[in-house]
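Numbering (our numbering), first residue to last: 77 to 548. Inspection log for the structure reproduced underneath, given as structure tokens.
This is how it looks when you write it as structure tokens:
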């Protein structure tokens, strides 16, 4: 580090001062009170701020300066090829500190705290180390000159801060000495313990020799036991294999027993279903006579079918005649009413004009007689119509009977067809049942037997359901 320039404004004795430092050694000379120490203090204050001044802030300002005048110090130093410019100031009545730091003309820190930290980082020396190495007050130098050789030594140690190092070193030496004494005591105890350990080691060596002999004997015995161990291992493996086989057979036996019980239960159920089928067959045999009767009815219907067609034609003719007769009946009723009126009129005329109108009355009587003949024919026709009506009713009853018989015939044919189909299916299922039962006698696989039984169960259930619907 090399000092280049120092500028002071209102700093202690100096109202205004600018200094430039040349290369080499620089000496500052002057009478007492001229301000030599102030220059050194200004350099220290520029580098470390208020920590480097032993005076209060209000005494740093020049006595001739106004309260509004700032106290300023600017220091320029060289660090190798770099130039560092430091500027510090205190302003106002409260002497508020200001500072900024520039490196090669570029500001790198602002504010007293930031500038202090940055300078220590760049200079790599703290304020305390600076005061003990580079800086010495005038009073300290005077005391150094007055002291003798030992005094100068002690004073230099104190001035350079080496006294603290000496005291610290003495403390470390004392601590090391105490530690050495403790280690000495520990080693003495360890030596005693080592003596005991040596005795134990000798006894252990003897025990080791005896153990080695026993180990050799054990090795010989182990060689003999190896064959026995191998034989025991094979025996154990054979036993484990037999144990596994026994467990497998036991599980198989339990499974077969459970399957056998289930098969017995299913066989019983099959027997019950077969019994139900036999009962259904008996019921079919019981209704066989009814089926035969229905066959006779069907033959009779075949015979009566032509008559039914003739009856239907007659019914249509009767309906037509009935309409005509109804019209004639209404006309006859009107004629009867007219005849009664004429007879009454003729009687009245006959009573009034017995002779005058005899010819007219005879004419009327002739007409009346004709009307009576017409009335007789109409009555005969009505009787014929009534007979036709009776015949129509009888024919309708016969047609109804024929229709019912024909419906029964169709039902009979359907029942007969379903019966034949069911009998064929029953015969087929029974033959399959017999075949499966024969196969089951020699079947060893329980799963196949169970599948066959389940299929038979479903077939028998379906047949029973169909028989129940037919017989219902």
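Just so you know, even glycine gets a beta-carbon here, dropped at the ideal spot from N, CA and C.
- With respect to the 7 Å criterion, residue 165 and residue 190 are not classified as neighbours on the basis of their beta carbons.
- Exposed is the label assigned to residue 104, since fewer than 16 other Cβ atoms lie within 10 Å of its Cβ.
- Between residue 81 and residue 152, the CB-CB gap stays under 7 Å.
- Rounded to whole angstroms, the separation of the alpha carbons of residue 319 and residue 313 is 10 Å.
- Selection 486, 349, 357, 467 evaluated against residue 375 yields 486 as nearest (Cα-Cα).
- Under the three-state reduction of DSSP output, residue 153 falls in the strand class.
- Rounded to the nearest whole angstrom, the CA to CA distance from residue 541 to residue 385 is 41 Å.
- The Cβ-Cβ distance between residue 161 and residue 86 does not fall below 7 Å.
- For residue 125, the CB contacts under 8 Å within the same chain, skipping 5 residues up- and downstream, are 164, 173, 175, 188, 191, 192 in chain order.
- In the structure shown, the three-state DSSP call for residue 449 is helix.
- By the 16-neighbour rule on beta-carbons within 10 angstroms, residue 117 is buried.
- For residue 405, the closest alpha carbon among the candidates 473, 392, 452, 531 is that of 452.
- Taken through DSSP and simplified to helix, strand or coil, residue 138 comes out as coil.
- The secondary-structure analysis by DSSP pairs residue 182 across a beta bridge with 179.
- Per DSSP, residue 159 is one residue of the beta strand (DSSP E) stretching across 158 to 167.
- Under DSSP, residue 172 takes part in a beta bridge, and its partners are 167.
- Remark: C-beta atoms of residue 78 and residue 154 approach each other more closely than 7 Å.
- 159 is the residue among 264, 159, 268 whose C-alpha sits nearest the C-alpha of residue 181.
- According to the DSSP secondary-structure assignment, residue 93 is paired through a beta bridge with 84.
- Among the bridge pairs identified by DSSP, residue 463 is matched with none.
- About 6 Å separates the beta carbons of residue 136 and residue 88, which is inside the 8 Å limit, making them a contact pair.
- Scanning 150, 402, 95 for the CA closest to the CA of residue 457 turns up 402.
- For residue 105, the three-state secondary structure derived from DSSP is coil.
- A Cβ-Cβ contact shorter than 7 Å links residue 167 with residue 146.
- Residue 94 is a Cβ neighbour of residue 83, given a cutoff of 7 Å.
- For residue 249, the number of other beta carbons within 10 angstroms of its own is below 16, and it is reported as exposed.
- Cβ contact annotation for residue 127 (same chain, cutoff 7 Å, sequence separation greater than five): 203, in chain order.
- Residue 78 has 154 as its beta-bridge partners, per DSSP.
- Residue 177 counts as buried, since no fewer than 16 other beta carbons sit within 10 angstroms of its beta carbon.
- By the C-beta density criterion, residue 477 is exposed, having fewer than 16 other C-beta atoms within 10 angstroms.
- Approximately 6 Å separates the beta-carbon atoms of residue 143 and residue 169; this is inside 8 Å, confirming the contact.
- Straight across, the Cα-Cα distance linking residue 446 with residue 423 is about 18 Å.
- Boundaries cannot be given for residue 128, as no alpha helix (DSSP H) includes it and DSSP labels it neither H nor E.
- Straight-line spacing of the CA atoms in residue 123 and residue 246 works out to 34 Å.
- Beta bridge pairing from DSSP links residue 147 with 166.
- Cβ-Cβ separation between residue 184 and residue 194: approximately 6 Å, consistent with a contact (criterion under 8 Å).
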